[in-house]
Amino acid sequence: MNVVPVNPKTLGSLSFYLSYVAAGFPSPADDYAEQSLSIDELLIKHPSATYLVRASGDSMIRSGIFDQDILIVDRAVEPKDGDIVIAGVDGELTCKYLNLAKRCLVAANPAYPAIPIRDEQDMVIEGVVISSIRLHRSCTRS
Amino acid sequence: MYALVDCNSFFASCEQVFRPDLRNKPVVVLSNNDGCIVARSKEAKRLGVPDLLPYFKIADQLKRAGVSVFSSNYELYGDLSMRVMNTLSVFSNTIEVYSIDEAFLGLNGIPAKTLPALGHDIRHTILKYVGLPVGVGMGPTKTLAKLANHIAKQSPKCRYVCVIDQPERWHKVFAKLPVHKVWGIGSRLAKRFADLEVYSVLDLIHQDPEKMQRLYNVNVARTINELRGVACFELEEHPEAKQQIFSTRSFGNKVTDCLSLEQSVSQYASRACEKLRKERKLVKTVQVFASSSRFITNYYSRTVVVPLATATNDSRTVCHVARQAVRKHIYRPSVPFARAGVGLVELLPEAPEQLDAFIPRQGEASKTLMQTLDQINQRHGRIFIASQGIDPYWRMQRNLKSPAYTTRWNELPVVKT
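Chains as they are written, first to last, in this note's numbering: chain A, 70 to 211; chain B, 6 to 422.
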């Protein structure tokens, strides 16, 4: 019999096949045991360079980012044309489309004008938005 | 070769990561209970804000000069420190985390010519990935890497990277550096060196190591060898498991009633037991102490050592012991207590070993309860042992603390969309 010490902390990510070893027939699925899926693995490529931030406002509505969504921001990747980025503008963190051809930050809402990138010193791209998370039902942890 | 990487004005720089408005502005961070200034951004240093000055003496002046002031935000600093260390580990298989904001890297087998470029790469990567500026010093010994790091930060033309690969070529620079800048040579030792007319780093290099060992200690001799390029200190990748665990605090307000003092040690006992369980250990002897401020005329301090009948990591047992020690042996009605603490001083491994077969251990039920407590605390913030008190007036004051940006769901940085 294979005895696996189970640490309650890692229980959530352990395959549950492992716990059915006591009696009766062995599970036919045992030979196919795999790691269960992890949201972190899917969305976070560079854990030490990834920050979570909270969106506030309606300027990115047409990109699917709504007020109070959580954004996953990766600082490690190079920003490309058309990425949604986080930038420091006038001392404030803001989230917009990056348009390199026109050298500006563009909202996803026609009510907001584009913000020209004049001075690299003045506007620092902080990171690239990889994903946004919206809760469709309130959840105790956020 | 070794590299010493450390973050520039670490606490102050952490405060600037999510606040673009504070970049290139004067920022200072205060110690526990907002007592003293413990970190200054380079702009604050340039303004002449002194280090380690009591905050209340200078609060008005800072306000007028437009300096942003923060309480220590250890939740944030701890998380960013971990990110820095993880990012550094990409550059080397051997890394010694030396403190919250610095680490030694082992760099064997890298051609000397490419070291400056590697240094700038490390600096650029940490700045981009984590958002923190670092300085990089490299040398054939840890002591030289540390000294190179000091030079990297002092001399503007280094641009925060300095490589000392042949120490004998640096003697001109070493002649100008005061000896107390050397790792392990404190200002006290430096004062004693004055008897031998040793003032600069170069003066120390020219001393005979054996003589210095006789006059001072073996570490001085080793340091001289290290400054000459002979490695004597190795990387300590796996620091020895803790032999003792302490949880100590200064109070926000003076404590004069017995119940509050009991509640405080009860809280520190819980905290210490949490660490104990993380290290998979049990405690055999508990130390409890409390004292008044050192600066009052009737300075009072008591320490009680309590051997336990059963080795345990159950918060309830240790809280109980700590409260009893306060009630029976430490508390005095006339004393304004300024700090208290709990030390777990004799530790055993949790898994029984043959040698310890005669020491009784705690039961399974208590183990399960404590595991559950730790899990809940980790996921949902604090649940308490009742004796800790709920909102005590003696709790540490951090009135100017920034949000725990990276560790709490309801304190995430806000971006304008």
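Just so you know, even glycine gets a beta-carbon here, dropped at the ideal spot from N, CA and C. The structure displayed is predicted, hence computed values, not measured ones.
Rounded to a whole number of angstroms, what is the C-alpha to C-alpha distance between residue i and residue j?
i	j	result
residue 137 of chain A	residue 125 of chain A	6 Å
residue 129 of chain A	residue 174 of chain A	11 Å
residue 183 of chain A	residue 176 of chain A	6 Å
residue 32 of chain B	residue 42 of chain B	10 Å
residue 89 of chain A	residue 96 of chain A	Legend: pLDDT at residue 89 of chain A = 48, less than 50; position of this residue unreliable, value from coordinates given subsequently. The straight-line gap from Cα to Cα measures roughly 7 Å.
residue 66 of chain B	residue 74 of chain B	12 Å
residue 96 of chain B	residue 7 of chain B	12 Å
residue 81 of chain A	residue 412 of chain B	Caution is warranted here: a pLDDT of 42 is assigned to residue 81 of chain A, below 50, making its placement in the model unreliable, and the coordinate value is therefore given only provisionally. Their backbone Cα atoms lie some 20 Å apart in a straight line.
residue 273 of chain B	residue 107 of chain A	36 Å
residue 193 of chain A	residue 18 of chain B	16 Å
residue 227 of chain B	residue 237 of chain B	6 Å
residue 134 of chain A	residue 174 of chain B	58 Å
residue 4 of chain B	residue 27 of chain B	This structure cannot settle anything about residue 4 of chain B, because the visible part of chain B is limited to 6 through 422.
residue 77 of chain A	residue 370 of chain B	Low confidence applies to residue 77 of chain A: its pLDDT is 43, below 50, so where it sits in the model is not reliable, and the reading given next is rough at best. Spanning the two alpha carbons is a distance of roughly 15 Å.
residue 131 of chain A	residue 268 of chain B	54 Å
residue 132 of chain B	residue 336 of chain B	50 Å
residue 191 of chain B	residue 200 of chain B	15 Å
residue 286 of chain B	residue 221 of chain B	38 Å
residue 188 of chain B	residue 138 of chain B	22 Å
residue 282 of chain B	residue 314 of chain B	19 Å
residue 88 of chain B	residue 280 of chain B	21 Å
residue 331 of chain B	residue 293 of chain B	8 Å
residue 197 of chain B	residue 182 of chain B	17 Å
residue 124 of chain B	residue 9 of chain B	10 Å
residue 206 of chain A	residue 144 of chain B	56 Å
residue 119 of chain B	residue 170 of chain A	36 Å
residue 79 of chain A	residue 318 of chain B	With a pLDDT of 42 at residue 79 of chain A, under the threshold of 50, the predicted position of this residue should be treated as unreliable, though the coordinate-derived value follows. Roughly 21 Å separates the two Cα atoms.
residue 300 of chain B	residue 121 of chain B	49 Å
If you drop the 5 nearest sequence neighbours on each side, which residues of the same chain put their C-beta closer than 7 Å to that of residue i?
i	result
residue 40 of chain B	59 and 60
residue 56 of chain B	42 and 45
residue 408 of chain B	416
residue 359 of chain B	Annotation note: pLDDT 42 at residue 359 of chain B (below 50); position unreliable, coordinate value reported separately. Taken in chain order, the list of residues that qualify is empty.
residue 140 of chain B	11, 13, 154, 157, 158 and 165
residue 214 of chain B	226, 229 and 230
residue 114 of chain A	143
Output, in chain order, the set of chain D residues within a Cβ distance shorter than 8 Å of residue i.
i	result
residue 164 of chain B	Of the protein chains in this structure, namely A and B, none is chain D.
Starting from residue i and walking both ways along the beta strand (DSSP E), at which residues does that stretch end?
i	result
residue 168 of chain A	161–168
residue 80 of chain B	Note, residue 80 of chain B: premise wrong, no beta strand (DSSP E); alpha helix (DSSP H) at 79–93.
residue 344 of chain B	342–354
residue 134 of chain B	No beta strand (DSSP E) holds residue 134 of chain B; the alpha helix (DSSP H) holding it covers 120–134.
residue 255 of chain B	250–260
residue 119 of chain A	119–125
residue 18 of chain B	Taken as a continuous stretch (DSSP letters only), residue 18 of chain B belongs to no beta strand (DSSP E), being part of the alpha helix (DSSP H) at 15–22.
residue 238 of chain B	Unbroken run through residue 238 of chain B: none, as it is neither H nor E.
If I measure Cβ to Cβ from residue i and keep anything under 6 Å in the same chain, skipping five residues before and after, which residues do I get?
i	result
residue 225 of chain B	217
residue 207 of chain B	176, 179 and 180
residue 102 of chain B	90 and 108
Residues in the same chain with beta-carbon distance under 8 Å from residue i, minus the five sequence neighbours each way, listed in chain order, please.
i	result
residue 261 of chain B	338, 340, 341 and 342
residue 100 of chain B	90, 93, 94, 108, 109, 110, 111, 240 and 242
residue 251 of chain B	277, 346, 347, 348 and 349
residue 105 of chain B	15, 82, 83 and 86
residue 195 of chain A	142, 144, 154, 155, 156, 157 and 162
residue 186 of chain A	172, 173, 174 and 192
residue 163 of chain B	156 and 157
Assuming residue i contacts residue j under a Cβ cut-off of 8 Å, what Cβ separation, rounded to an integer in Å, is found between them?
i	j	result
residue 420 of chain B	residue 158 of chain A	Their Cβ separation, rounded to whole angstroms, is 10 Å, which puts residue 420 of chain B and residue 158 of chain A out of contact at 8 Å.
residue 316 of chain B	residue 289 of chain B	5 Å
residue 404 of chain B	residue 76 of chain B	6 Å
residue 162 of chain A	residue 151 of chain A	Wrong, their Cβ atoms sit about 20 Å apart, outside the cutoff.
residue 118 of chain A	residue 145 of chain A	4 Å
residue 127 of chain B	residue 149 of chain B	Contact doesn't hold; Cβ gap of about 17 Å is too wide.
residue 112 of chain A	residue 201 of chain A	In fact, because the Cβ distance is near 10 Å, the residues do not count as touching under 8 Å.
residue 265 of chain B	residue 344 of chain B	Going by Cβ atoms, the distance from residue 265 of chain B to residue 344 of chain B rounds to 13 Å, so no, they are not a contact pair.
residue 186 of chain B	residue 152 of chain B	7 Å
residue 304 of chain B	residue 23 of chain B	Not really, about 42 Å apart at Cβ, beyond 8 Å.
residue 235 of chain B	residue 146 of chain B	7 Å
I need the boundaries of the alpha helix (DSSP H) containing residue i, first residue and last residue.
i	result
residue 292 of chain B	Not the alpha helix (DSSP H): residue 292 of chain B falls in the beta strand (DSSP E), residues 286–297.
residue 197 of chain B	192–198
residue 3 of chain B	Because chain B is modelled from 6 through 422, residue 3 of chain B falls outside the range shown and cannot be assessed.
residue 316 of chain B	Premise fails: residue 316 of chain B lies in the beta strand (DSSP E), 306–317, not in any alpha helix (DSSP H).
residue 155 of chain A	Where residue 155 of chain A is concerned, there is no enclosing alpha helix (DSSP H), although the beta strand (DSSP E) it sits in stretches over 153–158.
residue 109 of chain A	108–112
Against chain A, which members of the segment 275–292 of chain B pass a CB distance test of less than 7 Å?
none
(message) Can you pull out the residues from the segment 160–186 of chain A whose beta carbon lies closer than 7 Å to at least one beta carbon of chain B?
(response) 160, 161, 162, 163 and 164
Taking Cβ-Cβ distances below 7 Å as the criterion, which residues of the segment 402–413 of chain B are in contact with chain A? 411
_What are the residues in the segment 29–41 of chain B lying within 9 Å of chain A by C-beta distance?_
For the segment 29–41 of chain B, there are no residues whose beta carbon sits under 9 Å from a beta carbon of chain A.
**Request:** Check each residue of the segment 76–94 of chain B: if its Cβ is closer than 7 Å to any Cβ of chain A, include it; give the result in chain order.
**Result:** 88, 91 and 92
query = Given a limit of 9 Å on CB to CB distance, which residues of the segment 121–147 of chain B reach chain A?
reply = Residues 130, 133, 134, 135 and 136.
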